[in-house]
Structure formats: C-alpha cells, structure tokens
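For the first sequence, UniProt numbering begins at 1 and goes up steadily by one.
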Amino acid sequence: MADILPNETIYIKNLNSKVKKQEMKRALHALFSAYGRILDVVVCKTPKLRGQAWVVFNEIPAATSALRHMKEFQLFDRPMVIQYAKSKSDAIISLTDDSYAPKEKRRKTEDKGVDKKRKDQEQPQANGATPAHSHVYGAAPPPVKPGNQEPNSILFIQNLPDETTGPMLEMLFTRYPGLKDVRMVDGRPGIAFVEYSDEGQATVALEALQSFKITANHAMVISYAKKG
DNA sequence: AGCACA
C-alpha cells in the first residue's frame with residue numbers, strides 16, 4: 001500500500017461541504033498554521049471537488065507534521081482525512097521558477113486581446129511585481145509570552161489589538177463548538193477570556209485559533225486560564 | 001470516493 005509521495009501540500013477530504021468556502025479556508029489556515037508557513041489554501045465547491053481542500057506549506061517537513069498531527073481531527077463535526085497531494089502546487093512551483101505561467105486552461109477568463117499569442121519572451125516579472133505566491137500568510141513572533149499550558153475550559157487570550165470587542169472575538173470562537181462566554185477585561189486592553197463547556201472543546205479552539213492574525217501585526221496568543 | 005491552483 002504505497003501511499004502517495006511526500007509533498008509540500010496536503011490533500012484533505014471528508015470536509016463538511018456545507019461550510020462556506022471562505023470560512024473553510026480561514027479555519028484550515030488557522031488550524032494548520034501551527035505546523036509551518038502556509039503559502040496557500042485551496043478550496044473549491046464544484047461538484048467534483050466539494051469536501052476537499054489543499055493546504056500548501058513551504059516545505060515538506062511542515063506538511064508531514066501537519067498530516068501526522070491532524071489526521072482525523074474533527075473539523076466542523078467531521079474527521080479530516082489527510083494525504084499528501086498528488087502533484088505540486090502552483091505556489092510551490094512559482095517559488096523556484098519566477099517565470100512560471102500557471103496553466104494553459106486558465107485562459108478561461110476573457111483574453112481581452114492582450115498579447116493572446118505570446119509564448120516566449122514574457123513580461124519580465126520585475127522583482128517588485130506581485131508573484132503568484134504573494135498571498136503568503138505567516139506570523140511574526142508576538143511580543144508577549146504565552147501563559148498557563150495546563151488545560152482549562154477557559155482560554156486566556158493575549159496580544160489583541162486595543163480595538164478588539166467581545167462580539168468580534170465571539171465571531172471567531174463561535175465556530176468551535178461549546179462556546180459559553182467571551183469576557184473582555186475593563187481597563188486591560190489586549191486580553192480576553194473565552195469560556196467553553198469543557199477542556200476538550202477549549203483545546204480545539206485553542207489549537208485552531210492559536211496565532212490567528214486579527215490584524216496584520218496582532219497574532220493572538222492563546223493559553224489556558226489559570227485555575228482557582 | 002472524489003487531486004486544484006486564474
């Protein structure tokens with residue numbers, strides 16, 4: 001039973017296809033960013049591709065780690081089935097090949113008559129140009145130290161932007177089952193407490209949203225509230 | 001089960 005060869009990209013199936021595309025992308029990004037730099041997340045809703053996704057890491061070890069850890073993880077009430085992707089992702093190819101021109105069938109969008117027939121001598125793709133992988137996600141290490149690591153049904157959130165509100169956090173955390181309460185702290189900007197019904201559910205949310213970037217320079221730091 | 005990327 002030789003499986004598919006290791007690849008920077010993992011292929012995920014058995015996803016809940018009722019979840020909206022953008023929401024699924026965000027959730028996958030949040031879940032998998034713990035395992036390495038994510039270059040792209042691909043989700044399609046076409047009949048043939050529903051319930052499937054690709055998460056592109058910048059290197060194979062990250063993909064391997066993600067695969068091992070997240071195999072069968074329950075996301076939106078379904079255990080994910082994860083394999084390596086069969087082929088290289090565009091985001092990976094364009095890392096080593098500046099002049100990579102995606103696919104030929106991609107002239108589906110109107111050609112508009114702009115250099116329909118150029119085949120060699122492409123536009124030079126200046127260094128300042130936006131390459132295919134410019135939508136790279138990733139987080140700089142946040143300027144706070146994580147707190148208590150001993151599981152608790154209440155999460156302790158740090159490094160929030162000052163303007164964060166309770167409802168904003170609720171929007172983020174409510175997609176992980178069991179959310180009971182979100183509490184901001186008066187006079188203490190940047191932190192919050194998020195309560196779940198039990199430790200397991202809190203842990204799911206923690207792992208999913210750890211390092212989630214609320215804004216460009218604010219990645220959440222999540223730990224467990226101290227007991228007692 | 002099903003392997004895409006504009």
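Glycine included, every Cβ here is placed at the ideal spot set by N, Cα and C.
For clarity, every value in this text was computed on a predicted model and none was experimentally measured.
Neighbourhood of residue i by C-beta, 7 Å cutoff - its chain only, sequence neighbours within 5 removed
i	result
Asp189	Correcting the residue identity first, residue 189 is Pro in this sequence and not Asp. Same-chain partners within the cutoff: Asp162.
Leu160	Gly190, Ile191, Ala192, Ile214, His218 and Met220
C-alpha gap between residue i and residue j, whole angstroms
i	j	result
Met80	Val204	14 Å
Gln201	Ser153	7 Å
Ala66	Ala208	12 Å
Gly138	Ile10	No answer about Gly138 holds up, because its pLDDT of 37 lies below 50 and its placement is not dependable.
Ala34	Asn58	13 Å
Presumed contact (8 Å Cβ cut-off) between residue i and residue j, rounded CB distance
i	j	result
Ile157	Val194	6 Å
Asn148	Ala225	7 Å
Range covered by the beta strand (DSSP E) that runs through residue i
i	result
Gln83	Val81 to Tyr84
Thr164	Segment: none, Thr164 is in no beta strand (DSSP E) and carries neither H nor E.
Arg26	Run containing Arg26: none in the beta strand (DSSP E); it sits in the alpha helix (DSSP H), Lys21 to Phe32.
Val43	Ile38 to Val43
Proximal residues to residue i (C-beta, below 6 Å), its chain only, five neighbours per side dropped
i	result
Glu170	Val182
Ile12	Ala53, Met80 and Ile82
Val144	Gln158, Asn159 and Val221
Lys21	Val43 and Lys45
Ala30	Ala208, Leu209 and Phe212
Among the options, nearest to residue i - alpha-carbon criterion
i	options	result
Gln74	Val56, Gln83, Lys21 and Pro177	Pro177
Ile38	Ala62, Met24, Pro47 and Leu49	Ala62
Ile60	Arg175, Tyr196 and Ser87	Ser87
Thr174	Phe76, Tyr84 and Asp40	Phe76
Cβ neighbours of residue i in the same chain (closer than 8 Å, five flanking residues each side left out)
i	result
Thr64	Pro6
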